[in-house]
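Read in order, the letters of the sequence shown are residues 212 to 832 in my numbering.
Input: a single structure, listed below in structure tokens.
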Amino acid sequence: MTSTFLIDSPHRTPAPSRSPFAITEVRWAIAATALFLLGVGAKLVGAAPWTWWTLLLACYVAGGWEPALAGLKALRERTLDVDLLMIVAAIGAASIGQVVDGGLLIVIFATSGALEAVLTQRTADSVRGLLDLAPQRACLLLPDSREREVDAETLRIGDEILVRPGERIGADGEVVDGNSEVDEASITGEPLPVPKQHGHEVFAGSLNGTGVLRVRVSREPKDSVIARIVVMVEQASATKAKTQLFIEKVEQRYSVGVVAATLALFTVPLLFGAAFEPTLLRAMTFMIVASPCALVLATMPPLLAAIANAGKRGVLVKSAVAMEQLGTVDSVAFDKTGTLTEGTPQVVGIVTGQNEDEVLVLAAAAEQFSEHPIGRAIVAEARQRQLQLPTAGDFQATPGVGVTARVSGHSIAVRRHDSQHNTAVEVAVDDRQVAIIELADRIRSSSHNAVHDLTVLIGRSPVLLTGDNHAAAHRVAAAVGISEVRAELLPQDKVRAVREMSGNVLFVGDGVNDAPALATAHAGMAMGRRGSALTVDTADAVVVGDDLTVVPAVVALARRARRVVVANLAIAGTFIVVLSAWDLFGTLPLPLGVAGHEGSTVLVALNGMRLLSSGRRRQDR
Numbered sequence: 212m213t214s215t216f217l218i219d220s221p222h223r224t225p226a227p228s229r230s231p232f233a234i235t236e237v238r239w240a241i242a243a244t245a246l247f248l249l250g251v252g253a254k255l256v257g258a259a260p261w262t263w264w265t266l267l268l269a270c271y272v273a274g275g276w277e278p279a280l281a282g283l284k285a286l287r288e289r290t291l292d293v294d295l296l297m298i299v300a301a302i303g304a305a306s307i308g309q310v311v312d313g314g315l316l317i318v319i320f321a322t323s324g325a326l327e328a329v330l331t332q333r334t335a336d337s338v339r340g341l342l343d344l345a346p347q348r349a350c351l352l353l354p355d356s357r358e359r360e361v362d363a364e365t366l367r368i369g370d371e372i373l374v375r376p377g378e379r380i381g382a383d384g385e386v387v388d389g390n391s392e393v394d395e396a397s398i399t400g401e402p403l404p405v406p407k408q409h410g411h412e413v414f415a416g417s418l419n420g421t422g423v424l425r426v427r428v429s430r431e432p433k434d435s436v437i438a439r440i441v442v443m444v445e446q447a448s449a450t451k452a453k454t455q456l457f458i459e460k461v462e463q464r465y466s467v468g469v470v471a472a473t474l475a476l477f478t479v480p481l482l483f484g485a486a487f488e489p490t491l492l493r494a495m496t497f498m499i500v501a502s503p504c505a506l507v508l509a510t511m512p513p514l515l516a517a518i519a520n521a522g523k524r525g526v527l528v529k530s531a532v533a534m535e536q537l538g539t540v541d542s543v544a545f546d547k548t549g550t551l552t553e554g555t556p557q558v559v560g561i562v563t564g565q566n567e568d569e570v571l572v573l574a575a576a577a578e579q580f581s582e583h584p585i586g587r588a589i590v591a592e593a594r595q596r597q598l599q600l601p602t603a604g605d606f607q608a609t610p611g612v613g614v615t616a617r618v619s620g621h622s623i624a625v626r627r628h629d630s631q632h633n634t635a636v637e638v639a640v641d642d643r644q645v646a647i648i649e650l651a652d653r654i655r656s657s658s659h660n661a662v663h664d665l666t667v668l669i670g671r672s673p674v675l676l677t678g679d680n681h682a683a684a685h686r687v688a689a690a691v692g693i694s695e696v697r698a699e700l701l702p703q704d705k706v707r708a709v710r711e712m713s714g715n716v717l718f719v720g721d722g723v724n725d726a727p728a729l730a731t732a733h734a735g736m737a738m739g740r741r742g743s744a745l746t747v748d749t750a751d752a753v754v755v756g757d758d759l760t761v762v763p764a765v766v767a768l769a770r771r772a773r774r775v776v777v778a779n780l781a782i783a784g785t786f787i788v789v790l791s792a793w794d795l796f797g798t799l800p801l802p803l804g805v806a807g808h809e810g811s812t813v814l815v816a817l818n819g820m821r822l823l824s825s826g827r828r829r830q831d832r
């Protein structure tokens, strides 16, 4: 029941997202569930048997035709999967009057297939949506200094393009003329725009600031960083899609064993002269008691209950496979910007010999027309302090330098300033420096506790993987309690770092540049509020409220679910072995066989549903 997706070209026009109801598996699953509920309802209210039998048999057709067809195709390839075995078991249950049990089995499988189809489609749509970052058109500079708008995918190495203010850069390349600041957050995770001038590298899809840049193309469009992100996510997701629940990993051998035993139990006695009807009844009883209903329910209800419990804590876990994978992680890696930090600069200090508020008023007044994140942060701090800003005139912004304006009769300059630990600006009044305003990407209040709890839970400290510079990365790492840091990483570098980590890695991130690492990791968790659409849909789980303390809580919950699954498999396996042996070596009455089979199913289901409890337990090592 595994699906993959393909993208024909890294530069084709993205296809629009499809509604879940447009997916065939979803429509058939809804139909099967509705027919099952109507059939059970009709039986409970005492309707004529033909009524509810008809409804339930229609449920078999609606929910079972696709897995039956897949099973028959598998048979042609000389393999036998549990899908076909479940269909046969459901038909066998109906043949001896247990049509409701068979219908429930059909609904479980149809719903599982529909959920998988929806998640696969959402991931494919999000990868295609990523292509919107790379502009479809670019302004090509011709040798005679004329300009021509062309398709970005037609650009070749050595071409020169013109990038105007506010435009996205059309190709990876090198700046040959101009001066501006470029927002590269989607590529590197750097929270602030990066000054660009002659000789600096720029990336397709990054957003130009207020300056004009002339860029020489250095990579073919298909080899650009943003195109490679698409390919990496696609390849990693396709590989990861092969992950299966434990029960699916043994389905081939189990299915073959049950079918072989059922056929032998039916044919061998007949060869020795046994009566047909008792032999058929014994074989069908064996098929019922050996069918993997309890094994499926041993796995699914605990994981689904844990998913519901995680939802109460503010984490959306997308599938039972994802919850199972979260329960086996033993290494954790965090992105920095937007994950451990809030992703936007904020004023953290003002160094001045004058009144702080007076200096802040002048700086904020000069910056109030600026679109730069630093300017917005200074204005936000002034407003938070409820300071009144005077009007400003003669506003001028210089990319990579700062802004100047005339405020209350004075010339005010707010210029970028080198600082060892934080971003800083120098405030000058009439060419005389009066203050240094320090800004930093504020660390989330939940980051330190999350890192501590994960360290206790998994027995090792998480790792920080970021595209930001080393100084900023080490400052954040020291503040939250992380000792191992790898900085200035491009998306492919993060993928490599994840692969080099030992054990089953959980990666937590938020940006487009994190998507390949999220897809590559054993389990990926995205920040819901700031996370890009691609990141949210690529991840196995989403932290809806951006509270990182739920990450260790959900990992602990997943481990608990895994223990319950193991216990349930032992219970279900014991019932199957005992009842099957009874039927093979003795005479198991059909009602007792059905009761034992259904009893084990109910028992493991109830045991799994205990995980619905939202009570927070201690985190287990």
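By construction, the Cβ of each residue, glycine as well, lies at the ideal position given by its N, Cα and C atoms.
- [ ] Measure the alpha-carbon distance for Thr746 versus Ala651 and round it to whole angstroms.
- [x] One-based indexing of the sequence shown puts residue 746 at position 535. One-based indexing of the sequence shown puts residue 651 at position 440. Rounded to the nearest angstrom, the two C-alpha atoms are 24 Å apart.
TODO: Give me the Cβ distance between Thr552 and Arg626, rounded to the nearest whole Å; I'm assuming they're in contact under 8 Å.
DONE: Mapped onto the sequence shown, residue 552 falls at position 341. Mapped onto the sequence shown, residue 626 falls at position 415. Between Thr552 and Arg626, the beta carbon gap of about 24 Å keeps them out of contact (Cβ cut-off 8 Å).
- [ ] Go ahead and pull the three-state DSSP assignment for Thr265.
- [x] Residue mapping note: residue 265 aligns to position 54 of the sequence shown, counting from 1. Looking at Thr265 - three-state DSSP - the assignment turns out to be helix.
Open item on the list: Is it buried or exposed, Thr812, if we count other Cβ atoms within 10 angstroms and call 16 or more buried?
Closed with: Your numbering for residue 812 matches position 601 in the sequence shown. A residue is called buried when at least 16 other Cβ atoms come within 10 angstroms of its Cβ; Thr812 meets this threshold and is buried.
Task: Nearest to Glu578 (by Cα), restricted to the options Leu803, Asp605, Ala806 - done: Along the sequence shown, one-based indexing puts residue 578 at 367. Ranking Leu803, Asp605, Ala806 by CA distance to the CA of Glu578 puts Asp605 first.
Task: 8 Å CB neighbourhood of Val428 in its chain, flanking five on each side removed - done: Taking the first residue of the sequence shown as position 1, residue 428 is located at position 217. Taken in chain order, the residues that qualify are Leu366, Arg367, Ile368, Gly369, Asp370, Glu371, Ile372, Ala382, Asp383, Gly384.
Open item on the list: Per DSSP, what are the beta-bridge partners of Pro556 in this structure?
Closed with: Locating residue 556 in the sequence shown gives position 345, counting from the first residue. According to DSSP, which records beta bridges pairwise, Pro556 is partnered with Asp652.
- [ ] Could you tell me whether the stretch 461-478 touches the stretch 754-764, where touching means 3 or more Cβ pairs closer than 8 Å?
- [x] Judged by Cβ distances under 8 Å, the stretch 461-478 makes no contact with the stretch 754-764, as fewer than three pairs qualify.
Task: Nearest-angstrom beta carbon gap, Asn715 and Ala778 [assumed within contact, 8 Å] - done: Here residue 778 is taken as the residue at index 567 of the sequence shown, counted from 1. Here residue 715 is taken as the residue at index 504 of the sequence shown, counted from 1. At roughly 21 Å, the Cβ-Cβ gap does not stay under 8 Å, so Ala778 and Asn715 are not in contact.
- [ ] Kindly confirm or deny that the stretch 680-699 and the stretch 559-571 touch, where touching means at least three C-beta pairs closer than 8 Å.
- [x] Under the 8 Å Cβ criterion, the stretch 680-699 does not count as touching the stretch 559-571, having fewer than three qualifying pairs.
Task: Pairwise C-alpha distance: Arg594 and Ala576 - done: Working through the sequence shown from its first residue, we reach residue 576 at position 365. Working through the sequence shown from its first residue, we reach residue 594 at position 383. Approximately 11 Å, taken between the alpha carbons.
Task: 8 Å Cβ cutoff met for Gly282 and Ala240 - done: Residue numbering aside, residue 282 sits at position 71 when the sequence shown is read from its first letter. Residue numbering aside, residue 240 sits at position 29 when the sequence shown is read from its first letter. Result no, Cβ atoms of Gly282 and Ala240 do not sit closer than 8 Å.
Task: Per-residue burial, Ala471 [other beta carbons within 10 Å of its own, 16 or more giving buried] - done: Counting from one through the sequence shown, the residue named residue 471 turns up at place 260. By the 10 Å Cβ count, Ala471 comes out exposed.
Task: Coarse secondary structure for Arg821, derived from DSSP in three states - done: Mapped onto the sequence shown, residue 821 falls at position 610. In the three-state DSSP reduction, Arg821 falls in the helix class (H, G or I).
Task: Residue burial classification, Glu592 (beta-carbon count within 10 angstroms, cutoff 16) - done: In the sequence shown, counting from the first residue as 1, residue 592 sits at position 381. Burial state of Glu592 is buried, judged by a 10 Å Cβ sphere holding 16 or more other Cβ atoms.
TODO: Identify which residue in Val696, Ala517, His411 has its Cα closest to the Cα of Arg771.
DONE: On the sequence shown, position 560 is the one that residue 771 refers to. Of the residues Val696, Ala517, His411, the one whose Cα lies closest to the Cα of Arg771 is Ala517.
Open item on the list: Rounded to the nearest angstrom, what separates Leu506 and Leu803 at their Cα positions?
Closed with: For the purposes of this step, residue 506 is taken as residue 295 along the sequence shown, with counting starting at 1. For the purposes of this step, residue 803 is taken as residue 592 along the sequence shown, with counting starting at 1. Near 19 Å, if we compare the C-alpha coordinates of Leu803 and Leu506.
- [ ] Report back the beta-carbon spacing between Pro610 and Ser391 to the nearest angstrom; my notes put them in contact at under 8 Å.
- [x] Position 399 of the sequence shown, counted from the start, is the residue given in the question as residue 610. Position 180 of the sequence shown, counted from the start, is the residue given in the question as residue 391. Yes, Pro610 and Ser391 are in contact; Cβ-Cβ is about 5 Å, under 8 Å.
- [ ] Assign Pro523 to one of two classes, buried (16 or more other C-beta atoms within 10 Å of its C-beta) or exposed (fewer than that).
- [x] Counted from its first residue, the sequence shown places residue 523 at position 312. In the sequence under discussion, the amino acid at residue 523 is Lys, which differs from the Pro named in the question. The residue is exposed, with fewer than 16 neighbouring Cβ atoms inside 10 Å.
Task: Contact under 8 Å by Cβ, Met534 with Ser306 - done: Residue 534 sits at position 323 when you count from the first residue of the sequence shown. Residue 306 sits at position 95 when you count from the first residue of the sequence shown. No.
Open item on the list: Is the beta carbon of Thr244 closer than 8 Å to that of Thr322?
Closed with: Position 111 of the sequence shown, counted from the first residue, corresponds to residue 322. Position 33 of the sequence shown, counted from the first residue, corresponds to residue 244. In this structure, Thr244 lies closer than 8 Å to Thr322 by Cβ.
TODO: With DSSP as the reference, label Gly564 as helix, strand or coil.
DONE: Counted from its first residue, the sequence shown places residue 564 at position 353. Note: Gly564 maps to coil in three-state DSSP.
- [ ] Output the boundary residues of the alpha helix (DSSP H) element that contains Ile372.
- [x] Against the sequence shown, residue 372 aligns to sequence position 161. From DSSP, Ile372 is part of no alpha helix (DSSP H) but of the beta strand (DSSP E) over 371-374.
Task: Residue span of the alpha helix (DSSP H) that contains Leu236, given as start and end - done: Sequence index remark: in the sequence shown, residue 236 carries index 25 (1-based). According to the sequence as given, residue 236 is Glu; it is not Leu. Boundaries of the alpha helix (DSSP H) harbouring Glu236: 235-255, taken from the DSSP string.
Task: the stretch 752-761 contacting the stretch 657-673, beta-carbon criterion three pairs below 8 Å - done: Yes: the two stretches touch, three or more of their Cβ pairs being nearer than 8 Å.
Open item on the list: Extract the residue ranges of the beta strand (DSSP E) inside the stretch 729-810, only unbroken runs of 3 or more that lie entirely within it.
Closed with: Listed in chain order, the complete beta strand (DSSP E) runs (minimum 3 residues) inside the stretch 729-810 are 734-738, 752-754.
- [ ] Excluding the 5 residues preceding and the 5 following Glu360 in the sequence, name in chain order all residues of the same chain whose CB lies nearer than 8 Å to its CB.
- [x] On the sequence shown, residue 360 is found 149 positions in, with the first residue counted as 1. Once the five neighbours on either side are set aside, the close Cβ partners of Glu360 are Arg348, Ala349, Cys350, Leu351.
Open item on the list: Going by C-alpha to C-alpha distance, which of Ile499, Leu248, Arg710, Phe247 sits closest to Gly810?
Closed with: Residue 810 sits at position 599 when you count from the first residue of the sequence shown. Nearest to Gly810 by C-alpha distance, out of Ile499, Leu248, Arg710, Phe247, is Ile499.
TODO: Starting from Ala609, follow its DSSP beta bridges and name the residues at the other end.
DONE: Stepping through the sequence shown from its first residue, residue 609 is reached at position 398. Residue identity differs from the one stated: residue 609 is Thr in this sequence, not Ala. Looking at the DSSP output, Thr609 sits in a beta bridge with Gly613.
Open item on the list: Using CA atoms only, rank isn't needed, just tell me which of Arg375, Ser713, Leu286, His663 is closest to Thr421.
Closed with: By one-based count along the sequence shown, residue 421 stands at place 210. By alpha-carbon distance to Thr421, the top candidate from Arg375, Ser713, Leu286, His663 is Arg375.
- [ ] Identify, in the order they occur along the chain, each residue of the same chain with its Cβ nearer than 6 Å to the Cβ of Met712, setting aside the five sequence neighbours on each side.
- [x] Residue 712 sits at position 501 when you count from the first residue of the sequence shown. For Met712, where only same-chain residues beyond five positions count, the Cβ hits under 6 Å are Ser542.
Open item on the list: Could you check whether Thr473 and Pro480 sit closer than 8 Å to each other, using their CB atoms as the reference points?
Closed with: Position 269 of the sequence shown, counted from the start, is the residue given in the question as residue 480. Position 262 of the sequence shown, counted from the start, is the residue given in the question as residue 473. Against a cut-off of 8 Å, the Cβ pair of Thr473 and Pro480 comes out as no contact.
TODO: Would you list the residues sitting across from Ala494 in a DSSP beta bridge?
DONE: Counting from 1 along the sequence shown, the entry for residue 494 is found at position 283. According to DSSP, which records beta bridges pairwise, Ala494 is partnered with nothing at all.
Open item on the list: Let me check understanding here. Comparing Cα to Cα, which of Thr615, Glu395, Pro404 lies closest to Val436?
Closed with: Here residue 436 refers to the residue found at position 225 when the sequence shown is read from its first residue. Per the C-alpha coordinates, the member of Thr615, Glu395, Pro404 positioned closest to Val436 is Glu395.
Open item on the list: Going by beta-carbon coordinates alone, are Asp776 and Thr550 separated by less than 8 Å?
Closed with: Translated into positions along the sequence shown, residue 776 becomes position 565. Translated into positions along the sequence shown, residue 550 becomes position 339. The identity of residue 776 in the sequence shown is Val, whereas the question assumes Asp. Going by C-beta atoms, Val776 is not nearer than 8 Å to Thr550.
Open item on the list: Quick check: Thr677 and Thr548, are their CB atoms within less than 8 Å of each other?
Closed with: Mapped onto the sequence shown, residue 677 falls at position 466. Mapped onto the sequence shown, residue 548 falls at position 337. In contact: Thr677 and Thr548 (Cβ atoms closer than 8 Å).
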